[in-house]
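K.L.:
Residue numbers (my numbering), protein chains in the order written: chain A, 30 to 306; chain B, 1072 to 1691.
Structure in structure tokens, see below.
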Amino acid sequence: MKRLASVFLVVAVASAHVFAQAGGQGGRGVGGPPTGIPGGAGGGRVGRGGARGGRGGAAFDLTGHWVSIVGEDWRWRSFPARGDYGAVPLNQAARKIADAWDPAKDATAGEGCKAFAAPSVMRIPGRLHISWRDDQTLTIETDAGQQTRLFYFGVPPPGQVEDWQGSSKAEWDLGNAGAGGLFSRGGGPASGPSGSLKVVTTRMKPGYAARNGVPFSASATLTEYFDLVKTKGGVEYLVLTSMLDDAVYLSQPMWTVVHFKKQRDESGFKPVSCSGK
Amino acid sequence: MKRTAFILGTLLAIGAAVGAQIQSGAGPDDTAGLGPVVAGPDLSGSWRPNQLVLESQTAAGDLADFGGIPLNDAARLYALSWPASRQTVRQHQCMGYVTPYFWYAPANYRIWQERDQFTQRLTAWRFYGQVAQGDRTVYMDGRPHPPAYAPHTFGGFSTGTYQGNTLSVTTTHLKRGWIKANGVPQSDAATVEEHYLRHGDVITVLAVIDDPVYLTEPLSKAAMLVRMARDPDAWLYPCDDSEQIFGRKSDVVPNHLFGQNPYAREFADTRKIPLLAALGGAETMYPELVDAVRDPAASERAAKARMMPAGPPAVSRAPDPTPKDGEIHTFRVSGNVHLLAGDGANIAVQVGPQGAFVVDTGAGKLSDKVVAAIAKLSAKPIQFIVNTTFRPDHTGGNAKLQMAGADPSLTGTFFSMQFQGAGQAATIISQLKTQTRMIEQKLPAPPTDTFVEERRRKHYNGEAVEVFPQQNATTDGDSLVHFRRADVIVAGDIFTTTEYPHIDTKNGGSVQGEIRALNFILDRTVYVHDEDGGTLIIPGHGRVTDEWEVAEYRDMVVIVRDRVQALMQSGATLQQVLAARPTADYDVRYGATAGPWTTDMFVEAVYTSLKNPPKTSTGR
């Protein structure tokens, strides 16, 4: 009888645990059409922890129009000046190049877009339009410099031309979900949208990591985390934490953080070419 | 066999149901008062700010660099009036860091969890910062925020919840601090939402500050912390204030008169940046800024216009913390001293084995409820009442509270031989002038026990209680009461958190006496750490504070006095002084254009008492 009771107990505990595991991330469950909305049903589920792909696995909805919030770093972002590098960890080789920064010369040489490359374009005050090109490709269009960034979930298409925006591989990063040991149902919270969009960009055409001529090289790697934050008042912010790693010009990885506020519509989105044409 | 299968099936169903409940988020995690089981991303460890973010979003920055901050006109004037030498004033030397300024110090931080010993639920996050030894607690157990009349601190009162993998923290009860430590103020009405995100060894903190007093729209700003592999060995930051300018009078608070800040252009000119942009405002947060300052002449004109008061007088945008629900709210301030709020002016009550010692009796509209509230605190009768002023909103309950009490110290003494009924009601104590004014104005139940110039003292309920007369402050009959063991000062109308000081020149009030009385309070206060805690102050109106708010109030009165005095010295008439709006940076916090005490009345009182100081006002 005792043995039977212990079997029952084990079965009950195991069934609860298995069910909890199978439930996945609070409603973003198995199957269903890809919706790309927070908490919506989605295909391509990868279970607890790790990374997920595409619109169907979206941890949150970042599509729409966003405007830069320029904070107390306004001086660097709105009025870049030669030699005003702040704490950018540039090495001697980079400083030599940056000290010779001449935007007019860049424009004449047809390189006016160097400052609008992936490592810097998101810090330039402006507006973004984010949309899904298809289920596996997220697009960010900037009005400042009229750039388009393409984030590929999965393998970027072969033969992609190297340009200022490089080649970006994206995945939904679920953070620490999946942590835990015996009897654990995961280290993540019980409910709510969860995770970040992680984007790694390589193969960028050398340009500027900051508008005032701080260079980055062809071997640079840009790692970005996009997070959605919603205030109690319902205002949505897109927070971008990024790290530029460039052994050629930086003495250590350069971390920056910027954020954007969600707009109701496309008002204010005025594309201005970086080429000056 | 059938029976066994049935039991197995039932258990499986129960297990599945429990699992489903857990997954729905409605399970044990949400049990009120316990805190969550899981912590979301673990923020624990030792951290330092990212240097690049720190430098570009620094807490201090250059003088007159207000760009990227949606400050309003009042905040800009406040900041332009602020000289760095303000920090030589004693109470400013060890000022703490407000949230979210907290994360912008170039020093070490530690974050850890508080777990309940028995349930292992996460009850709180703790944030410690080396600079100013800031120590914040973020409660995760669902407790409510304190009432509006509770004291504020630099760290505020914080509660947290999880939104997915984001720790979201709401902070209220902040003190007046810096949005940027070059003079851009954050008011004590501000609330802050912080959102903590972790990516590997980096924490990103997005803070959204909502300040109805000094901001035109919420200010959002991001900080970044980098994990330190080894625990650093530097964690302390001692600060003791002291005299820095020998011989300086106690009524001196360094400030720039409007339009006379010699450093207002320094940052913009040095950096070759348009002054208009450097002066901040919501437009400097958005991409259109560069277009807005493209025309140098127009930009310069607009900038100059922003450096002087303009537009109609503003009114206070800070919510009045006084409850107005027709009930008396009791709040324990310290030791055995309590605040009773809800019937006009604040009432303080000290209780103990001897009885109740009451300071002020409110407006008298809810006196029965006041008596009932005191009875809940003390089974013994009200023995003493002190009136800090004669004003009816402080003395309106005298009659009922007096008759509800008794003073057994008089029964069977020579007093009872001389005065019929001595000891059968509470004894009301005040300055003689208070009694005189009440009799003159036919106010009921005037004090029965008076003093003239020197302190009145009692040892009551095991505590030294001192009553200090203050000459010619808001009237010629103000008093302060200091409960020394609880270390609580009851300030009467000398200090309020809701309006400019009600300086009644017709009844002997004066600006110099008001400043002197505020400094008297500051001479008796001691903080626990970096201008937080220690001696607590119950103001005549508004919320409980410590010395920081008294210092801010004193600074305001001194600065307004300096401006009025400068205008008078240039020959300005009262009307010209009023038109110059010498309170323009403070009106959003204390101002009123209607009601019993308006901004103009205050300015006129300052002007009048400077022109015709009371004869007994000695000045210092």
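By construction, the Cβ of each residue, glycine as well, lies at the ideal position given by its N, Cα and C atoms.
#1: Taking D256 of chain A as the query, report the chain B residues whose CB atoms sit under 9 Å from its CB, ordered along the chain.
#2: So what does DSSP say about K1504 of chain B, is it helix, strand or coil?
#3: In this structure, how does DSSP classify M1378 of chain B when only helix, strand and coil are distinguished?
#4: Rounded to whole angstroms, what's the CA-CA distance from C1165 of chain B to E1524 of chain B? Just pull it up for me.
#5: Counting Cβ pairs closer than 8 Å, one from the segment 1257-1266 of chain B and one from the segment 1162-1178 of chain B, do we hit at least three?
#6: With DSSP run on the structure shown, which of helix, strand or coil describes I1592 of chain B?
#7: Quick one, are the C-beta atoms of L1296 of chain B and I1274 of chain B less than 9 Å apart?
#8: How should L1638 of chain B be labelled, buried or exposed, when 16 other C-beta atoms within 10 angstroms of its C-beta is the threshold for buried?
#9: Counting contacts by CB-CB distance shorter than 9 Å, is P300 of chain A in contact with chain B?
#10: For E101 of chain A and chain B, any beta-carbon pair shorter than 9 Å?
#11: Report the rounded CA-to-CA distance for K1577 of chain B versus A1381 of chain B, giving the unit in angstroms.
#12: Looking at the secondary structure, which residues open and close the beta strand (DSSP E) in which V96 of chain A lies?
#13: Please classify F1673 of chain B: is it buried, with 16 or more other beta-carbons within 10 angstroms of its beta-carbon, or exposed?
#14: With 9 Å as the threshold, decide whether the Cβ of L1638 of chain B is near any Cβ in chain A.
#15: Name the chain A residues that come within less than 9 Å of M1705 of chain B, Cβ to Cβ?
#16: With a cut-off of 8 Å, do at least 3 Cβ pairs link the segment 1492-1508 of chain B to the segment 1443-1461 of chain B?
#17: Could you work out which residue in B:F1591, B:K1395, B:W1183 is closest to F1566 of chain B when comparing CA atoms only?
#18: Can you name the residues of chain A whose CB is closer than 9 Å to the CB of R1342 of chain B?
#19: Using 8 Å as the cut-off, can you tell me whether the segment 237-252 of chain A makes contact with the segment 122-132 of chain A, which would need three or more C-beta pairs spanning the two stretches below that distance?
#20: Can you list the residues of chain B that K259 of chain A reaches, using a CB-CB cut of under 8 Å?
#21: Are at least three pairs of beta-carbons, each pair with one atom in the segment 1215-1230 of chain B and one in the segment 1118-1127 of chain B, less than 8 Å apart?
#22: I want to verify the contact list: residues of chain B whose CB lies under 8 Å from the CB of G155 of chain A, in sequence order.
#23: Taking Cβ positions, are A1135 of chain B and E1337 of chain B nearer each other than 9 Å?
#24: Flag R240 of chain A as yes when its Cβ comes closer than 8 Å to any non-hydrogen atom of the ligand PLP, and as no otherwise.
#25: Give the interface partners of S1291 of chain B over in chain A, defined as CB-CB distance under 8 Å, in chain order.
#26: Determine which residues of the segment 1367-1380 of chain B have a Cβ less than 7 Å from any Cβ of chain A, and write them out in chain order.
#27: By the three-class DSSP mapping on this structure, what secondary structure does L1481 of chain B have?
#28: Taking contact to mean 3 or more Cβ pairs, one atom from each stretch, closer than 8 Å, check whether the segment 1188-1208 of chain B and the segment 1383-1392 of chain B are in contact.
#29: Counting contacts by CB-CB distance shorter than 9 Å, is D202 of chain A in contact with chain B?
#30: Would you call A1412 of chain B buried or exposed, if buried means 16 or more other Cβ atoms sit within 10 Å of its Cβ?
#31: Assign L1649 of chain B to one of three DSSP states: helix, strand, or coil.
#32: Beta carbon of K1471 of chain B, beta carbon of D1439 of chain B: below 9 Å?
#33: Measuring only the C-alpha atoms, how far is G1492 of chain B from Q1257 of chain B?
#34: Looking only at C-alpha atoms, which of B:N1236, B:L1514, B:D1366 sits nearest to A1434 of chain B?
#35: Beta strand (DSSP E) containing K1706 of chain B: first to last residue?
#36: Are any of the Cβ atoms in chain E nearer than 9 Å to that of I1182 of chain B?
P.N.:
Let me spell this out:
#1: Working through the first sequence from its first residue, we reach residue 256 of chain A at position 227. Within chain B, the residues placing a beta-carbon under 9 Å from that of D256 of chain A are N1236, T1237, H1266, L1268, H1270, T1275, L1277, ordered along the chain.
#2: Counted from its first residue, the second sequence places residue 1504 of chain B at position 433. DSSP, reduced to helix, strand and coil, places K1504 of chain B within a helical segment of the structure shown.
#3: Looking up residue 1378 of chain B in the second sequence gives position 307. Reduced to three states, the DSSP call for M1378 of chain B is coil.
#4: Residue mapping note: residue 1165 of chain B aligns to position 94 of the second sequence, counting from 1. Residue mapping note: residue 1524 of chain B aligns to position 453 of the second sequence, counting from 1. In a straight line, the C-alpha of C1165 of chain B is about 34 Å away from that of E1524 of chain B.
#5: The segment 1257-1266 of chain B, when compared against the segment 1162-1178 of chain B, does touch it at the 8 Å Cβ threshold.
#6: As a position in the second sequence, residue 1592 of chain B is number 521, starting the count at 1. Assigned with DSSP and collapsed to three states, I1592 of chain B falls in helix.
#7: Residue mapping note: residue 1296 of chain B aligns to position 225 of the second sequence, counting from 1. Residue mapping note: residue 1274 of chain B aligns to position 203 of the second sequence, counting from 1. Yes; because the gap between Cβ atoms is below 9 Å, this pair is in contact.
#8: For the purposes of this step, residue 1638 of chain B is taken as the residue at position 567 of the second sequence. Classification of L1638 of chain B: buried, given that the 10 Å Cβ count is 16 or more.
#9: Numbered from 1 along the first sequence, position 271 holds the residue referred to as residue 300 of chain A. With 9 Å as the cut-off, P300 of chain A does not count as an interface residue toward chain B.
#10: Within the first sequence, the letter at position 72 stands for residue 101 of chain A. Interface residue, yes.
#11: Translated into the one-based positions of the second sequence, residue 1577 of chain B becomes position 506. Translated into the one-based positions of the second sequence, residue 1381 of chain B becomes position 310. Take the alpha-carbon of K1577 of chain B and the one of A1381 of chain B: they are about 31 Å apart.
#12: Position 67 of the first sequence, counted from the first residue, corresponds to residue 96 of chain A. Unbroken beta strand (DSSP E) run through V96 of chain A: 93-98.
#13: Numbered from 1 along the second sequence, position 602 holds the residue referred to as residue 1673 of chain B. Here F1673 of chain B is buried. Its C-beta has 16 or more other C-beta atoms within 10 Å.
#14: Within the second sequence, the letter at position 567 stands for residue 1638 of chain B. Chain A contact via Cβ: absent.
#15: In this structure chain B extends from 1072 to 1691, so residue 1705 of chain B is not present and cannot be described.
#16: The segment 1443-1461 of chain B and the segment 1492-1508 of chain B touch, with three or more beta-carbon pairs separated by less than 8 Å.
#17: In the second sequence, residue 1566 of chain B corresponds to position 495, counting from 1. For the residues B:F1591, B:K1395, B:W1183, the minimum Cα distance to F1566 of chain B belongs to B:F1591.
#18: Mapped onto the second sequence, residue 1342 of chain B falls at position 271. In chain order: R104, F108, A110, D113.
#19: Segments in contact, yes.
#20: If you number the first sequence from 1, residue 259 of chain A lands on position 230. Here the neighbours are Q1234.
#21: Contact between the segment 1215-1230 of chain B and the segment 1118-1127 of chain B is absent, because fewer than three Cβ pairs lie under 8 Å.
#22: Looking up residue 155 of chain A in the first sequence gives position 126. Within 8 Å of the CB of G155 of chain A, the CB atoms of chain B belong to P1358, in sequence order along the chain.
#23: Within the second sequence, the letter at position 64 stands for residue 1135 of chain B. Within the second sequence, the letter at position 266 stands for residue 1337 of chain B. Taking a C-beta distance under 9 Å as the contact criterion, A1135 of chain B and E1337 of chain B qualify as a contact pair.
#24: Only the bare structure without any ligand can be found here, which leaves the ligand PLP out of the picture.
#25: For this step, residue 1291 of chain B is matched to residue 220 along the second sequence. One finds I98, G100, Y266, H288, K290 in chain A with Cβ atoms closer than 8 Å to the Cβ of S1291 of chain B, taken in chain order.
#26: Here the close residues number zero.
#27: For the purposes of this step, residue 1481 of chain B is taken as residue 410 along the second sequence, with counting starting at 1. In the structure shown, L1481 of chain B sits in coil (DSSP, three-state: anything other than H, G, I, E or B).
#28: Counting Cβ pairs under 8 Å, fewer than three are found: no touch.
#29: What you label residue 202 of chain A is simply residue 173 of the first sequence in a count that begins at 1. Yes, D202 of chain A counts as interfacial toward chain B.
#30: Residue 1412 of chain B sits at position 341 when you count from the first residue of the second sequence. Buried, by the Cβ-count rule.
#31: Position 578 of the second sequence, counted from the start, is the residue given in the question as residue 1649 of chain B. Here L1649 of chain B sits in helix by DSSP.
#32: Here residue 1471 of chain B refers to the residue found at position 400 when the second sequence is read from its first residue. Here residue 1439 of chain B refers to the residue found at position 368 when the second sequence is read from its first residue. A contact, by the Cβ cut-off of 9 Å.
#33: As a first step, residue 1492 of chain B must be located in the second sequence, where it is residue number 421. As a first step, residue 1257 of chain B must be located in the second sequence, where it is residue number 186. Their backbone Cα atoms lie some 54 Å apart in a straight line.
#34: For the purposes of this step, residue 1434 of chain B is taken as residue 363 along the second sequence, with counting starting at 1. Among B:N1236, B:L1514, B:D1366, the Cα nearest to that of A1434 of chain B is on B:L1514.
#35: The first residue shown for chain B is 1072 and the last is 1691, placing residue 1706 of chain B beyond what the model contains.
#36: Any reference to chain E falls outside this structure, whose protein chains are A and B.
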